[in-house]
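This is how it looks when you write it as structure tokens:
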């Protein structure tokens, strides 16, 4: 996010000496994207950020995927997956491809281990719950309806203050506002449905004490040979030893209450609901809003064939009009694959006529490569969903 922020103590000029009150030099770290040709931040550590004592295998939760074959729409009931312990080690893979993985976890109130995703940015939607995300940049409070965007390779941990339902979108790339919302210098433009005031980064650093000679363990997710793997790294000093930082690369939260839906006289296409983009995927949110005001408008979506994409809709609030009679409810995911036309249940079309507003909330991910099902998705599938259009009494 190209929006400058400064937190804690930094020297007047970058790449110059910065010392503590006793004269000891702080260690400067440049954290940057795209070979240091894109956004970056400078962090100042009390300890050497590259000093490790051990590196061992971390066995990840099951990352296997199964193709959606034979091709059909799917309904996954995420609330059937049950409660885990923490936001990292109990995250279950629901859907994925080579560009993005979608996971889900219901946490208790135990903090997660220190964690770093070295594959890509994470965009975690908080379906419910509250707490903080402690990061090397500082602390981010989170609440229901937040997107928590964590840049690639940011060391962090989740500390729930209450059980939390977390929908994790893990990219193999960076996650950012759509380019069409941005000026050539990175400012959010007037037609964008949110602005910089709605993005909340850390306000102060979060200094942690070292754990002595034993070191500090960090779980690292990375790739080797095209596979997602894990490493357990032990650092000589605590990663949260940063006394200050500045730059345009840092974690932040954005709450859906601050998103201003774009509406029209007739039904608007999905891109007007977009909130973020990554490489070969986009994130949209459908929120409570006034609906189409043409006298003959049909408020629910038309049948559509998004020929280049798979569409994943996560239903998180209200009563989703287009899916009435399908079995879908809160906590459901629908997967509508490319190569198959989809749209509302037939009975929902007539029922929507004359509606002035929809009270519904959903998070959508469209991918430009086919999605496969992870073990979490297979564990909570509703096998009857694909046939519900034919079973609709109006068909």
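In the UniProt record's numbering, the protein residues as written are 1 to 395.
For every residue, glycine included, the Cβ atom is placed at its ideal position computed from N, Cα and C.
Each residue's CA atom was taken as its position, placing residue 138 and residue 127 some 23 Å apart. Per DSSP, the unbroken alpha helix (DSSP H) holding residue 347 starts and ends at 346-352. The Cβ-Cβ distance between residue 243 and residue 45 falls below 9 Å. Our two residues, residue 285 and residue 270, have alpha carbons roughly 9 Å apart in a direct line. Counting C-beta pairs closer than 8 Å gives fewer than three between the segment 176-185 and the segment 42-57, which falls short of the contact rule. For residue 387, no beta strand (DSSP E) encloses it, and the DSSP letter there is neither H nor E. Residue 377: member of the alpha helix (DSSP H) spanning 375-379, first to last residue. A direct Cα-to-Cα measurement between residue 158 and residue 136 gives close to 12 Å.
The UniProt domain "Homogentisate 1,2-dioxygenase N-terminal" (114-255) contains no complete alpha helix (DSSP H) run of 4 or more residues.
Distance from the CA atom of residue 391 to the CA atom of residue 119, rounded to whole angstroms, is 43 Å.
Membership of residue 328 in any beta strand (DSSP E) is not indicated, and neither H nor E is assigned to it by DSSP. In the three-state scheme derived from DSSP, where H, G and I count as helix and E and B as strand, residue 33 is classed as coil. Taking residue 369 as the centre and dropping the five residues before and after it, the same chain places the C-beta of 97, 98, 99, 280 closer than 7 Å to its C-beta, in chain order. C-alpha of residue 389 to C-alpha of residue 176: approximately 36 Å in a straight line. Counting along the chain, residue 45 sits inside the beta strand (DSSP E) bounded by residues 40-45.
Counting along the chain, residue 335 sits inside the beta strand (DSSP E) bounded by residues 332-336. The three-state secondary structure of residue 266, taken from DSSP, is coil. Looking at the DSSP output, residue 54 shares a beta bridge with 234. Short of 8 Å from the beta carbon of residue 309, and not among the five residues preceding or following it, lie these beta carbons of its own chain, in chain order: 338, 366, 367, 368. DSSP places residue 258 in the helix class (H, G or I) of the three-state scheme.
Cβ neighbours of residue 272 within its own chain (closer than 6 Å, five residues either side excluded): 262.
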